[in-house]
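Encoded as structure tokens, the structure appears first; notes follow it.
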Amino acid sequence: MTTDAAPPLSPAQQSWRLLAASAIGLFLWFTNGVVASRAGYVPDWFVVGDPLVGAGCLAVVLWRRRFPVAVTLATAAGTAASVVAAGPAMLALCSLATRRRPLEIAGMMVAMVGLSQIYVEHGLGAPVDGPLWVELGTGTLTTGIVAAVGAAIGARRVEVQSLRQRAEIAEREQHARAGHARVQERNRIAREMHDVLAHRISLVSMQAGVLDHRRDLPDEERHVLVRSIAESSHQALDELRQVLGVLRAESETREPPQPSFEDVPNLVDEARSAGLDVEIEAPVSSAPSKTVGRTCYRIVQEGLTNATKHAPGAAVRVRIEPIDDQQLRICIHNTSATGPAPAPPSSGFGLLGLAERVNLAGGTLDHRPTSDGGYVLTACLPWTCPESDEGS
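Its first residue numbered 1, the sequence shown is counted upward by one per residue in full-length UniProt numbering.
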């Protein structure tokens, strides 16, 4: 694996690298000078030219990241005339090795060992007596160590970069999950708001329509309708406060009790007392799970709400029955309207939200007009499903 990725260096990081290269070069220059002085051989080039070439290589090494091969080759050439240049050459080779390109590294190592050997053979520094293989072996070992350090640094950079990318990906995924959760919560709140208010407002609209069209109602019936409108309005406000209270409350606050399967008869009685002609058949010996029971309640509520809004005066029949002890079937059928329907505000999302609710419970929903001019809403729910309030 190879990479050219390298984080930018700060001035401090650049400075200590140059200081380290200078220190290595000066140490070698001083050591060679001591050996040469003891041998009585210190040429003028060693005193003046050697440090100048080394300084030039140190300046060139500043561009090692932009032109790694050219700078490494240039500093390697500098080692043929200067022992001080060995420090910048090692820095250039180490930087080149971080790219982890084997052929490139091997070529630069050969060039550096061969060019530095010129310095030794032509006696520009202190004379060295010893076998050639020792000199070449020492150079190869030194450049090999430098290249290995550079490759290790490159591997570490790749690892850090990979970890950083994983962290960024994980953060983006977390933001995406949070956004998805917010969307789901908004949809859940929208369904709750619709389920809580639509039924009450529909009853109020129906009763107000009766008052408007039946001018011949006795005072007693008129007072009953007015009281029913007031009670339904107060109940709608109370339920709205409960929903808004959950939104404003802290996370530790528990939500108000949710309707259950046992509350369906009360829902039907309430609609009947408001003037809706509704009957229910529920030959169910035991209650389903909480999630299914709550979904069943919302299905009946939506069916009664739609009948109230779109088919005033119609007869509504609700039937809830088990199927093969595995499913629960809910059917709400209303006949055609017997009078003109008022124009209550309609959100248009009641059946859409109900379909989402039924789908989350693992069931199916069907709704269509009937041949007698009425409408039928049918849902099939599994008798049990995972107890989860998400989306309920």
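Each residue gets a CB set at the ideal place from its N, CA and C atoms; glycine is no exception.
Using a threshold of 9 angstroms, state whether the C-beta atoms of residue i and residue j are closer than that.
i, j, result
"L276", "L203", "yes"
"V61", "P88", "yes"
"R64", "L96", "yes"
"D50", "V83", "yes"
"L381", "G350", "no"
"V316", "L304", "yes"
"A116", "L58", "The amino acid at residue 116 is misidentified as Ala; the sequence shows Ser. Not a contact, by the Cβ cut-off of 9 angstroms."
"L73", "A147", "no"
"G25", "F46", "no"
"P312", "T338", "yes"
"L91", "T75", "yes"
"S232", "A274", "yes"
Which same chain residues, not among the five before or five after residue i, have their C-beta less than 6 angstroms away from its C-beta?
i, result
"A154", "Residue 154 is actually Gly in this sequence, not Ala. Once the five neighbours on either side are set aside, the close Cβ partners of G154 are T98 and R100."
"T253", "At T253 the pLDDT is 49, less than 50, meaning the model places this residue with poor confidence; the figure from the coordinates comes in the next sentence. Once the five neighbours on either side are set aside, T253 has no close Cβ partner at all."
"A151", "A97 and R100"
"C331", "R319 and T378"
"L28", "V83 and A86"
"A80", "L115, I118 and Y119"
"A126", "Residue placement at A126 is poorly supported in this model, since its pLDDT is 48, which falls under 50; the coordinates still yield a value, given next. Correct list, in chain order: N32, V35 and A36."
"D366", "T378"
"V42", "A36"
According to the neighbour-count rule (16 or more other Cβ atoms, all chains shown, within 10 Å of its Cβ), is residue i buried or exposed?
i, result
"N334", "buried"
"R227", "exposed"
"residue 393", "Summary: the structure shown does not reach residue 393, with the chain confined to residues 1 through 392, and so no result is reported for it."
"P259", "buried"
"G375", "One point to set straight first is that residue 375 is Tyr, not Gly, in the sequence displayed. Label assigned to Y375: buried."
"F30", "exposed"
"Y297", "buried"
"residue 394", "In the structure as shown, the chain begins at 1 and stops at 392. Residue 394 is therefore absent and cannot be evaluated."
"R191", "buried"
"I105", "buried"
"residue 400", "Past the edges of the chain, shown from 1 to 392, lies residue 400, and the structure says nothing about it."
"A271", "buried"
"V278", "buried"
"L19", "exposed"
"residue 404", "Residue coverage of the chain in this structure runs from 1 to 392, which leaves residue 404 outside it and unanswerable."
"E302", "buried"
"S371", "exposed"
When you compare only the Cα positions, how much space is there between residue i and residue j?
i, j, result
"G107", "P11", "30 angstroms"
"S251", "A181", "Caution is warranted here: a pLDDT of 47 is assigned to S251, below 50, making its placement in the model unreliable, and no coordinate value can be reported."
"T384", "A355", "18 angstroms"
"S336", "H310", "9 angstroms"
"S15", "N187", "58 angstroms"
"I320", "I201", "25 angstroms"
"P68", "Q184", "53 angstroms"
"V284", "D325", "10 angstroms"
"G391", "V300", "With a pLDDT of 43 at G391, under the threshold of 50, the modelled position of that residue is not reliable, and the figure given next carries that caveat. If you take the alpha carbons of G391 and V300, they lie about 18 angstroms apart."
"residue 393", "G40", "Missing from the structure shown is residue 393; the chain here goes from 1 to 392 and no further."
"E159", "E168", "14 angstroms"
"V224", "A314", "21 angstroms"
"R222", "R177", "54 angstroms"
"L163", "E171", "12 angstroms"
"T291", "I229", "31 angstroms"
"Q161", "R17", "22 angstroms"
"E220", "G373", "33 angstroms"
"P8", "R38", "45 angstroms"
"H175", "N306", "39 angstroms"
"A208", "L217", "13 angstroms"
"Q13", "I145", "21 angstroms"
"V48", "T143", "26 angstroms"
"S289", "D269", "23 angstroms"
"P323", "G179", "As written in the sequence, residue 323 is Ile, which differs from the Pro given in the question. Looking at the two C-alpha atoms, the distance is approximately 39 angstroms."
"D44", "L103", "38 angstroms"
Quick one: what's got a C-beta closer than 8 angstroms to residue i's C-beta in the same chain, skipping five residues either side?
i, result
"A55", "V84"
"L197", "A236, E239 and L240"
"P265", "I280 and A282"
"V134", "none"
"L136", "V113 and Q117"
Please check the pair residue i and residue j, which I expect to be a contact at CB under 8 angstroms, by giving their CB distance rounded to whole angstroms.
i, j, result
"R357", "T308", "20 angstroms between Cβ atoms; not a contact."
"G139", "V110", "G139 to V110, Cβ: 10 angstroms. No contact."
"R166", "A6", "Their Cβ separation, rounded to whole angstroms, is 19 angstroms, which puts R166 and A6 out of contact at 8 angstroms."
Kindly list the residues whose CB is nearer than 7 angstroms to the CB of residue i, restricted to its own chain and excluding five residues on each side of it in sequence; keep chain order.
i, result
"A287", "F261, E262 and G293"
"V149", "C94"
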